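Asker:
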Amino acid sequence: MTHPSPYLPQVRRVRILGDRYSFHGQAALRFFPEGIELLPCSDIAALTQVAADEGVVVAVENRVVGPIALHQARLEAAELHPARELWLDIDLALVVRPGSSLDHLLEVRSHPIALAQCQGWLERHAHLRQVAWSDTSAAMQSLDDSFNAAAIGSARSAAELGLHALRRDIADHTANATRFVLALPKTFSSSISHTHNHVS
0 MTHPSPYLPQ VRRVRILGDR YSFHGQAALR FFPEGIELLP CSDIAALTQV AADEGVVVAV
60 ENRVVGPIAL HQARLEAAEL HPARELWLDI DLALVVRPGS SLDHLLEVRS HPIALAQCQG
120 WLERHAHLRQ VAWSDTSAAM QSLDDSFNAA AIGSARSAAE LGLHALRRDI ADHTANATRF
180 VLALPKTFSS SISHTHNHVS
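Going by numbering that gives the first Met the number 0, the first residue of the sequence shown is number 0, and it counts up by one from there.
(1) Among all the DSSP beta bridges, which residues are the ones paired with L93?
(2) With DSSP collapsed to three states, give me the class of H80.
(3) Report the option in L69, W120, A68, P81 whose CA atom is closest to the CA atom of L93.
(4) Which residue's Cα is closest to the Cα of H110: L46, V55, V130, G34?
(5) When the distance is taken between beta carbons, is P184 closer than 9 angstroms to L79?
(6) Report buried or exposed for S153, applying the criterion of at least 16 other Cβ atoms within 10 angstroms of its Cβ.
(7) Is it the case that the Cβ atoms of V248 and P81 are separated by a distance below 9 angstroms?
(8) Within the present structure, is the beta-carbon of H110 separated from the nearest heavy atom of the ligand GDP by less than 8 angstroms?
(9) Per DSSP, which one or two residues make a beta bridge with G65?
(10) In this structure, does DSSP put D88 in helix, strand or coil?
(11) Would you give the residue range spanned by the alpha helix (DSSP H) that P200 belongs to?
(12) Figure out for me which residue from P39, F30, G34 has the closest Cα to the Cα of Y20.
(13) Can the beta-carbon of A89 be found less than 9 angstroms from the beta-carbon of Q48?
(14) Considering only the beta carbon of each residue, do A68 and H23 sit closer than 9 angstroms?
(15) Which same chain residues end up closer than 7 angstroms to Q71 when comparing Cβ atoms and leaving out the 5 residues on each side of it in sequence?
(16) Using DSSP bridges, identify the partner residues of V130.
(17) Using a Cβ distance threshold of 8 angstroms, determine whether the stretch 100-108 contacts the stretch 50-57, with at least three qualifying pairs required.
(18) Leaving out the 5 sequence neighbours to the left and right, which residues in its chain are closer than 7 angstroms to H2 when beta-carbon positions are compared?
(19) Excluding the 5 residues flanking V64 on each side, which residues of the same chain have their C-beta closer than 8 angstroms to its C-beta?
(20) Determine, for E106, whether the minimum Cβ-Cβ distance to residues of chain D falls below 9 angstroms.
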């Protein structure tokens, strides 16, 4: 059972890209540590189609790749206004099915931004084909079909999914973090507050 946040009592549900195993899901649970109903969305268009009692958690900037212009533009177009923000530390790992090894791999799947953040490691393993996926969680969950594929995603979420983090901390920059905002329809009256929660 989930409860409305004491700071944002009107928010009953939160839309996120991907599911609870994505970095968006991790950020949402930082905004609402007491629990909130998560509404997984497959793309930014679905994410911004909010009801009156819903919020949106979305990444808007990364310390490695910079602002995420598409997300910022879609929030503005949908008249969704940031009410909270936090920086989430991003620990990117190479995730495989248990029993797989680096010698087995032919391709790596992940969100394009996650792939971009790991180009140094990927260039050192240039035989691996890079395949763009909708989000890191979906990429990890797609590994059921192959021992020859890996995903780049959260080591913590990989463990929850019964997967194995074959290599940890493969991002080009150790201080890799993403800024997420909790954005709300203009009908909400909450003022902007900056919370600096760091997750490793």
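Even for Gly, the Cβ is constructed at its ideal location relative to N, Cα and C. Please read these numbers as outputs of a predicted model, since none were measured by experiment.
Answerer: From the atom records:
(1) I151, R166
(2) strand
(3) W120
(4) V130
(5) yes
(6) buried
(7) Outside the displayed span of the chain (0 to 199) sits residue 248, for which this structure offers no information.
(8) With respect to the ligand GDP, the structure offers nothing, as it holds no ligand at all.
(9) N61
(10) strand
(11) Beyond the ends of the chain as shown, which are 0 and 199, falls residue 200; an answer cannot be given.
(12) P39
(13) The identity of residue 89 in the sequence shown is Ile, whereas the question assumes Ala. No, these two residues do not count as a Cβ contact at 9 angstroms.
(14) no
(15) V59
(16) R108
(17) no
(18) In this predicted model, H2 has a pLDDT of only 43, less than 50, meaning its place in the structure is not dependable; the value taken from the coordinates is given anyway. If we look at H2 and ignore the five residues flanking it on each side, its Cβ neighbours are E33, G34.
(19) I112, A115, Q116
(20) Going by chain labels, chain D is absent from the structure shown, which holds only one protein chain.
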